[in-house]
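*Asks:* Just so you know, we're using the numbering used here here: the sequence shown kicks off at 475 and counts up by one.
Here you go, one structure.
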Amino acid sequence: MADSSTPRRDIDRVASGLAACLPALHRALDRQVAARYPHPKPPEAQLALLRYVAQHEGATVREAAEALLMKPNNVSALVSQLTEQGDLERRRDSADKRVAHLHLTAVARERLTEVRGLETALIRQALTPLTEGQQGALGSALDALDALTRHLRPTS
């Protein structure tokens, strides 16, 4: 008969493994991209905001702050920096002039596409030497990782 604490130990092992592996995976990918990317790499917070706006064109600062789990004043500062750099545009809402909608510039959109392509190529290269079983396990884990991400987000 199986020990009743076995499932708990399995969950603890998976939780500990993910907590160690995911940041290391992110750092390794980030360093590889930075070494190969021909432009200065924006700080992580700026990059996160640019990626969010790319997926949610016309979002407001408040919407971006909520989605990125950041304070609105910090996102506002990032928007100012990215606007100065020519990566973001603020467009006033036609109904409420106090509200600005965020839009990527063409250059920012092109560079994000370059970064995503580089990330995909680097991960593809790292996946190639893995066994079919390992590749399949990683593919099968994508839905579970998305669900885990949703469960880790705080409820408002």
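By construction, the Cβ of each residue, glycine as well, lies at the ideal position given by its N, Cα and C atoms.
Here the structure is a predicted model, which means the values were calculated and not measured.
Over what stretch of residues does the beta strand (DSSP E) that includes LEU578 continue unbroken?
*Replies:* 574–578
*Asks:* In this structure, does DSSP put THR534 in helix, strand or coil?
*Replies:* strand
*Asks:* Assuming contact is defined by CB atoms lying nearer than 8 Å, are LEU578 and ASP561 in contact in what I supplied?
*Replies:* Between LEU578 and ASP561, the C-beta gap is smaller than 8 Å, which places the two residues in contact.
*Asks:* Hey, out of LEU496, ARG624, ARG536, whose CA is closest to ALA574's CA?
*Replies:* ARG536
*Asks:* As a quick exercise: from GLY532, ALA498, VAL549, pick the residue whose alpha carbon is nearest that of LEU521.
*Replies:* VAL549
*Asks:* So if DSSP puts LEU616 in a beta bridge, which residue, or which two residues, is it bridged to?
*Replies:* LEU616 has no beta-bridge partner at all, per DSSP.
*Asks:* Does MET475 come out as helix, strand or coil in the three-state DSSP assignment?
*Replies:* A caution first: MET475 carries a pLDDT of 48, below 50, which makes its placement in the model too unreliable to give a value.
*Asks:* Should VAL581 go down as buried or exposed, given a rule of 16 or more other Cβ atoms within 10 Å for buried?
*Replies:* The residue in question, VAL581, is exposed, as its Cβ has fewer than 16 Cβ neighbours within 10 Å.
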